[in-house]
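Under our numbering, residues 4 to 642 are what the sequence shown spells out, in order.
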Amino acid sequence: MEEKKLDINSIIGFILLFGLMIWYFYQNQPSPEELEAQKKAEAEKVEAESKAKNTEQDLSTKVTTAEDYSNLSATDSLAQIALQNKLGAFAYASTLPSATDAVTDVETDVLALKFNNKGGHLAEVKLKAFVDHNDQPIYLVKDGNTNLNINFSTTDNRVLNTDQLYFQPSVTKSGDNTIVSMKLKVSETRFLEYRYELKPNDYMIDFSIKSQGLDNVVNSSQEINLDWKLRGFSHDQSVSYENRYTRLTYQHDGDKIDKLAQMSDDEEVVSDVYWLSYRQHFFSSILVPDTPFKSVSMTSKDLVENEEVDTVFTKLYTSKMPLALNGGEFNKSMGLYYGPTDAKILKSYDKNLEESIPFGWGIFGWINKALFIPLFGWLSSFLPYGIAIIVMTVLVKILLSFVQYKQFLSQAKMKILKPELDAIRAKYKDNKLKAQQETMALQSKAGASPLSGCLPGLMQIPVFYALFMFFPTAFDLRQKSFLWADDLSSYDSIAELPFNIPFYGDHVSLFPILAAIAIFFYMKMTTGQQTAMQGPPQEGMPDMSKMMKYMIYFSPLLMLVFFNNYASGLSLYYFISNLISIGIMLVIKNYIIDEEKVLAKIEVSKSKPKKQNRFQKKMAEMMEQAEQQKKMQQRNKKK
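Written out as structure tokens, the structure reads:
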């Protein structure tokens with residue numbers, strides 16, 4: 004078979020063909036004018052598609068009523084039909100000149116507000132009287148951090164959201180009040196209205212949802228929900244501290260006050276809700292219906308992922324509340340509070356809103372509301388706030404001085420009885436139960452029970468915890484300075500650290516250091532005296548003297564670390580309180596309690612027959628039974 008070879012002529016032909024193709028593509032490439040025309044055509048196509056997707060804005064520039072099609076082109080008519088198919092009767096609202104993202108500005112003495120045409124809700128809320136730690140205005144609503152929306156179905160089977168529809172604004176006056184009406188129109192006489200009434204010097208906005216002529220438009224057989232969402236702005240210099248007091252609180256089932264989780268995500272479905280508060284530490288956004296919501300589905304999400312890094316938001320709150328139609332129409336009245344978390348202001352509304360402030364539960368909250376809040380309010384009305392804290396501390400310590408006296412008197416009695424107690428322990432060193440019986444008998448006769456020193460100390464715990472809750476929530480302390488502290492409601496930094504210490508922070512606060520030093524010396528005095536009175540530890544029991552020695556160092560360290568990020572007003576209180584306690588103890592020890600007189604009273608008490616109370620009798624019986632059981636066990640072992 005003849006072998007086929009590629010000759011020179013074939014090669015030349017291929018080269019000429021390849022060159023011809025290159026020349027052809029070069030000659031037929033588009034000119035600069037043609038490229039420009041192509042780009043223009045693509046831009047026009049994109050613009051046309053954009054117009055089709057945003058027909059509300061496109062049509063609002065060409066028509067004044069939904070019925071006026073006389074000047075529309077064929078393309079616009081098709082877009083109008085598409086809009087009608089999408090929104091149904093509510094397409095009319097998108098054809099009006101107000102169908103833009105424009106805002107309506109309104110101001111009162113205390114609030115600067117912006118209302119957005121799209122959605123009809125508040126787009127911005129500024130509190131005019133306050134600034135944050137960087138002297139920036141306080142905004143509770145801004146840059147889309149909130150949303151108020153009604154989700155509903157129509158009679159022609161459409162599902163709509165009011166936050167995507169355009170409202171027509173109007174501003175009128177009614178006496179001193181300003182009324183902002185936002186209407187979502189089906190026609191000039193049929194509409195859904197958000198009505199806001201603003202009063203001078205008032206943080207509460209009267210808010211109502213009403214409708215007219217929508218009984219044949221809104222499907223009342225389907226669920227209608229009011230959704231309220233808000234991401235809380237951070238306003239304090241310590242995000243971690245602020246986040247502890249940022250919480251969703253609500254009143255339900257009469258006068259029950261409950262909260263969602265403090266530092267984690269949480270959700271709840273609650274019945275008969277009277278109000279719900281989105282608290283952002285010192286500022287709150289509160290929704291107060293005139294009649295309770297039958298049910299509210301609420302959530303709280305913690306947005307602070309890293310407390311060492313500055314963050315814009317602390318928590319995301321959401322609430323979903325079903326709305327009922329009355330005669331096929333909307334008719335729901337509420338109050339919208341945007342303002343300070345100030346007990347005096349919240350209490351003025353007589354809605355129990357002050358309970359959204361964490362004063363403490365049970366007796367602790369009662370002590371704050373009945374004693375410390377009125378007392379501090381009175382003192383701060385004529386004294387600088389730092390001085391008011393010091394004076395309040397002095398008054399509290401004077402009020403509790405009898406407790407400290409009882410404690411020290413009990414310690415003095417135990418100190419005097421120590422030789423006799425040591426003798427009892429030595430005598431019955433092989434019989435622990437007998438030693439305990441004799442010890443209790445001696446203490447009972449002398450009137451020197453250790454419990455008499457512990458019980459007065461326990462009485463101070465409610466006061467201690469109440470003040471622990473009072474200072475971080477006292478709005479009056481916000482941005483009030485004292486000595487080196489710029490803000491008594493926040494930490495008093497005297498030095499910034501180039502790094503972050505876990506649990507401590509990236510700064511050094513001075514008042515916690517002073518408080519820790521005062522606590523150390525106070526515990527050194529009290530614990531040292533108690534340790535001296537302690538006998539050797541009994542078998543099977545912990546060595547209390549060692550534990551007390553550890554507490555001398557542990558308690559100040561806890562104060563130093565834990566309070567470094569806390570309100571400096573609280574650390575100031577503990578510092579002054581412990582200084583006064585040290586002074587009272589020295590006065591009681593050196594000028595009030597005479598140990599010789601105490602000893603004489605003990606001897607008189609020991610000589611009198613002492614009647615045991617029920618508790619003492621019961622303890623004696625139990626110890627006697629234990630002693631008999633021990634003897635029986637020893638006999639059985641010998642057998």
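Don't be surprised by glycine CBs; every beta carbon is placed ideally from N, CA and C.
Inter-residue Cα distance where the pair is Val291 and Ile208: Their backbone Cα atoms lie some 10 Å apart in a straight line.
C-alpha gap between Leu143 and Ser383, whole angstroms: Rounded to the nearest angstrom, the two C-alpha atoms are 28 Å apart.
Buried or exposed by the 16-neighbour rule on C-beta atoms within 10 Å, applied to Lys347: Per the 10 Å Cβ criterion, exposed.
Nearest candidate by alpha-carbon position, reference Asp495, set Glu110, Leu582 and Leu575: That would be Leu575, whose Cα lies nearest to the Cα of Asp495.
Asp146 versus Phe170, Asn164, Phe236 and Tyr556, residue with shortest Cα-Cα distance: Nearest of Phe170, Asn164, Phe236 and Tyr556 to Asp146, Cα basis: Phe236.
Minimum C-alpha distance to Tyr577 - residue among Asn334, Trp381, Pro295 and Ile392: Of the listed residues, the one whose Cα sits closest to Tyr577 is Ile392.
Contacts around His238, its chain only, beta-carbon distance under 8 Å, and the 5 residues preceding and following it disregarded: Asp135, His136, Ile141, Glu245, Gln283, His284, Phe285 and Phe286.
Simplified DSSP assignment, three categories, for Val670: For residue 670 there is no data in the structure shown, the boundaries of the chain being 4 and 642.
Cutoff 7 Å; reference Thr249; Cβ partners in own chain excluding five residues on either side: Excluding positions up to five away in sequence, the list reads Gly235, Arg282, Gln283, His284, Thr317 and Lys318.
Reference Gly338; option with closest CA among Lys262, Lys202, Gly389 and Leu402: Here the closest residue by C-alpha is Lys202.
DSSP state of Met3 mapped onto helix, strand, coil: With the chain covering 4 to 642 only, the question about residue 3 has no answer from this structure.
Buried or exposed (CB count within 10 angstroms, at least 16 for buried), Tyr556: Label assigned to Tyr556: exposed.
Range covered by the alpha helix (DSSP H) that runs through Lys400: First-last of the alpha helix (DSSP H) with Lys400: Tyr388 to Leu402.
Distance, Ala373 Cα to Lys592 Cα: Cα to Cα, the separation comes out at about 33 Å.
In DSSP terms, what Met185 is bridged to: For Met185, which the question treats as bridged, DSSP gives the partners Pro172 and Tyr197.
Cβ-Cβ distance between Ile504 and Asn581 below 8 Å: The Cβ-Cβ distance between Ile504 and Asn581 does not fall below 8 Å.
Extent of the continuous beta strand (DSSP E) to which Lys304 belongs: Looking at the DSSP string, the run of the beta strand (DSSP E) that includes Lys304 is Phe296 to Asp305.
Length of the line joining the Cα atoms of Leu279 and Tyr553: Rounded to whole angstroms, Leu279 to Tyr553 spans 45 Å at the Cα level.
For Gln283, the residue or residues it bridges with in DSSP: Bridge partners of Gln283: Thr249 and Phe286.
Collapsed DSSP secondary structure at Asp256 in the structure displayed: In this structure, Asp256 counts as coil in the three-state DSSP scheme.
Length of the line joining the Cα atoms of Ser359 and Asn567: Distance between the alpha carbons of Ser359 and Asn567 is about 26 Å.
Glu191 burial status per 10 Å Cβ neighbour count (16 or more: buried): It counts as exposed.
Three-way DSSP call (helix, strand, coil) for Met337 in this model: Of the three classes helix, strand and coil, the one that applies to Met337 here is strand, per DSSP.
Residues that DSSP places opposite Glu271 in a beta bridge: Its beta-bridge partners are Met301.
Exposed unless 16 or more other CB atoms sit within 10 angstroms - verdict on Pro501: Residue burial is scored here from C-beta neighbours: Pro501 has fewer than 16 other C-beta atoms within 10 angstroms and is therefore classed as exposed.
Same chain, Cβ closer than 6 Å to Lys129, five either side skipped, listed in chain order: Closer than 6 Å at Cβ, skipping near neighbours: Ala115, Pro140 and Tyr142.
Among Leu561, Glu226, Val511 and Ser571, the one whose alpha carbon lies nearest that of Glu499: For the options Leu561, Glu226, Val511 and Ser571, the alpha carbon positioned closest to that of Glu499 is the one of Val511.
Cβ contact check for the segment 169-180 and the segment 294-307: 3 or more pairs under 8 Å: At 8 Å Cβ cutoff, the stretches do not touch.
Gly216 to Glu196 span [Cα, whole Å]: Each residue's alpha carbon lies about 11 Å from the other.
Spatially closest choice to Tyr320 from Asp205, Ile516, Gln254 and Leu263, by CA coordinates: Comparing Cα-Cα distances from Tyr320 to each of Asp205, Ile516, Gln254 and Leu263, the minimum goes to Leu263.
Through-space distance from Phe514 to Pro304, alpha-carbon basis: A small fix is needed here, since residue 304 is Lys in this sequence, not Pro. Lys304 and Phe514 have their C-alpha atoms roughly 33 Å apart.
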